[in-house]
Structure formats: structure tokens, C-alpha cells
Amino acid sequence: MSRPPLHDRHGAKQPRRFDPAKAARLDDPGRFTYLPRDEVLALLDAPYGACIVDFGAGTGTYAIAIASARPDARVIALDEQPEMLALLRAKPEAARLPNIEAVGTEALGTLRGCADRILALNVLHEVGDAALRELRDLLIFDGRAAFIDWNAAVDRPVGPPAAHVYRVEEARARLERHHFTILGARTLRYHYALIAKR
Ligand SMILES: C[S@@+](CC[C@H](N)C(=O)[O-])C[C@H]1O[C@@H](n2cnc3c(N)ncnc32)[C@H](O)[C@@H]1O
Numbered sequence: 008m009s010r011p012p013l014h015d016r017h018g019a020k021q022p023r024r025f026d027p028a029k030a031a032r033l034d035d036p037g038r039f040t041y042l043p044r045d046e047v048l049a050l051l052d053a054p055y056g057a058c059i060v061d062f063g064a065g066t067g068t069y070a071i072a073i074a075s076a077r078p079d080a081r082v083i084a085l086d087e088q089p090e091m092l093a094l095l096r097a098k099p100e101a102a103r104l105p106n107i108e109a110v111g112t113e114a115l116g117t118l119r120g121c122a123d124r125i126l127a128l129n130v131l132h133e134v135g136d137a138a139l140r141e142l143r144d145l146l147i148f149d150g151r152a153a154f155i156d157w158n159a160a161v162d163r164p165v166g167p168p169a170a171h172v173y174r175v176e177e178a179r180a181r182l183e184r185h186h187f188t189i190l191g192a193r194t195l196r197y198h199y200a201l202i203a204k205r
């Protein structure tokens, strides 16, 4: 059976995909105050030498931080928008780090079953169901995905409107409908985090 196109947003809470004109917001260093790199690393809990896919990496703010903190890991920053990948590749840190690669969705086929860990940061609310299935297929048998996204139940001065993102119970229900098993949940300052396995 043929798969629906990956850019199909069916199932996503946010009706439009992220606008590259707003890419500078992703590079705001203030993000690390409410979502510290080390918090994300702890949630990922990646084993030594892990292959970590940052699904919907955007401009690579967190992918670069992770690759820099974990030189043992291979970090694959994946995004569907060439504009985002171009911004990521243009960053001098990305060019300097030998363990990060930026790829488009054409790489999905070769990455299936490769990921020890997946980071999906601020992505669940905007990926369609077809892409969520692709994300799941990237995981190795005992791999884990960390879905960290804006919490609709929290008043926030940043991020998309509450109507465009999930409450943690809604996010959990969507992931379970896609046959993920939820292993853990946390709430952070503006985000929830759900750790899931296939
Ligand atoms: C809100 S941005 C978050 C970027 C990054 N994770 C961060 O937190 O800095 C969402 C990103 O997901 C990407 N994206 C959305 N749907 C995708 C899909 N099906 N496959 C790959 N990337 C996708 C968008 O292009 C965009 O760059």
C-alpha cells in the first residue's frame, strides 16, 4: 500500500506548517532558560554511541547543542523544509561538529530502524499522521522517542496559541493511537515531555 505524502498535515493540531520566516525565533538563546539542554539530554537518556534523530530539527538549535555535548553520538537533524536545513547547515557550529548531519525527508527510507533515540521538540502539534508513522518506523526495536512540546494547559508568553498545541492527555492519546507505548511523562515550565517506545 502506498504511503500518504509526508507533508500531509492530517491529524496535526496546528493547521499550518512552521513558517521559515519565523526561523529566528528558534535561535533565541532564551529558549535554554525554560528548556535547558541538559534537561533534554536527561529525557533522551541516550546510550553511548547512540544514533539520535532530531525529527523536525528546524535550524538545529537543540541538535547542535546535543551533538556538542555528546561527541560519542551520531546526531541526525532531519527536517522537511529545505529552507530550515539551509539555515542549519550555514551555522559555523554545525560545520565544525563532525557528528551532526542535516538531512531532508528523502533520507527517511535509509534511516528506518536506525534510531536509538528520537527527539521531537515542538513538533508533535504540527506533524501529520503519515509523518508520525514514519517517525515511529525510525526507531530500533528498543529505541525511545522523546516528544517534548508546548503544553496547552500552561499560560505561556512564548510559543503557538494554546488552540494549536496539545494538553498532555491529548498528546498521550494521539501517540497511543499510533501504537506508541508511553514509558514516562514529565511537565516542564512550558512543555510536557512524553517518552515513548514503539
Ligand atoms: C516549530 S519547528 C521546531 C524546530 C526544532 N525542533 C526546534 O525546537 O528548534 C518544527 C519543525 O518541524 C519541521 N517539520 C514539520 N513536519 C515535519 C515532517 N513531517 N518531517 C520533517 N520535519 C517536519 C518543520 O519544518 C519545522 O522546522
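In this text, residue positions in the sequence shown follow this note's numbering: the first is 8, and each later residue adds one.
Heads up, the beta-carbon is just placed ideally off N, CA and C, and yes, glycines get one too.
Predicted, not measured: the structure shown is a model, and the values here were computed from it.
Check: residue i C-beta below 6 Å from any heavy atom of ligand 1
i	result
LEU128	yes
PHE25	yes
GLY37	no
GLY120	no
ALA138	yes
ASP149	no
GLU133	yes
THR68	yes
GLN21	no
ASP162	no
LEU33	yes
GLY65	yes
ASP156	no
ASP144	no
Beta-ladder partner(s) of residue i, from DSSP
i	result
ALA192	LEU201
PHE62	LEU85
VAL110	LEU85
LEU128	ILE155
ALA122	LEU146
Cα-Cα separation between residue i and residue j, rounded to whole angstroms
i	j	result
ALA5	THR112	Any property of residue 5 remains undetermined from this structure, which presents the chain solely from 8 to 205.
TYR41	TYR197	7 Å
LEU245	VAL47	The requested residue 245 does not occur in the structure, where the chain is confined to residues 8 to 205.
TRP157	TYR173	7 Å
LEU115	LEU142	9 Å
ARG103	ASP123	24 Å
GLU176	LYS20	14 Å
HIS185	ALA28	31 Å
ALA159	TYR199	9 Å
LEU146	ILE125	7 Å
GLU100	PRO168	31 Å
Reference residue i, options the options, closest by Cα
i	options	result
LEU50	PRO167, ALA192, HIS171	ALA192
ASN129	ALA178, PRO89, GLY56	ALA178
ASP26	LEU146, PHE148, GLY65	GLY65
ALA127	ALA76, VAL82, SER75, ARG77	VAL82
ASP144	LEU118, ARG163, LEU85	LEU118
SER75	ALA160, ASN106, GLU183	ASN106
PHE207	ASP52, ARG205, GLU87	What is shown of the chain runs 8 to 205, which leaves residue 207 out entirely.
ARG151	HIS17, PRO54, VAL134	PRO54
CYS121	ASP15, LEU33, ASP34, ILE59	ILE59
PHE187	LEU195, ASP136, ALA170	ASP136
PRO43	GLU100, ALA31, TYR69, ALA169	TYR69
Minimum Cβ-Cβ distance from residue i to chain B less than 7 Å
i	result
ASP156	The chain labelled as chain B is not found in the depicted structure, where only one protein chain is given.
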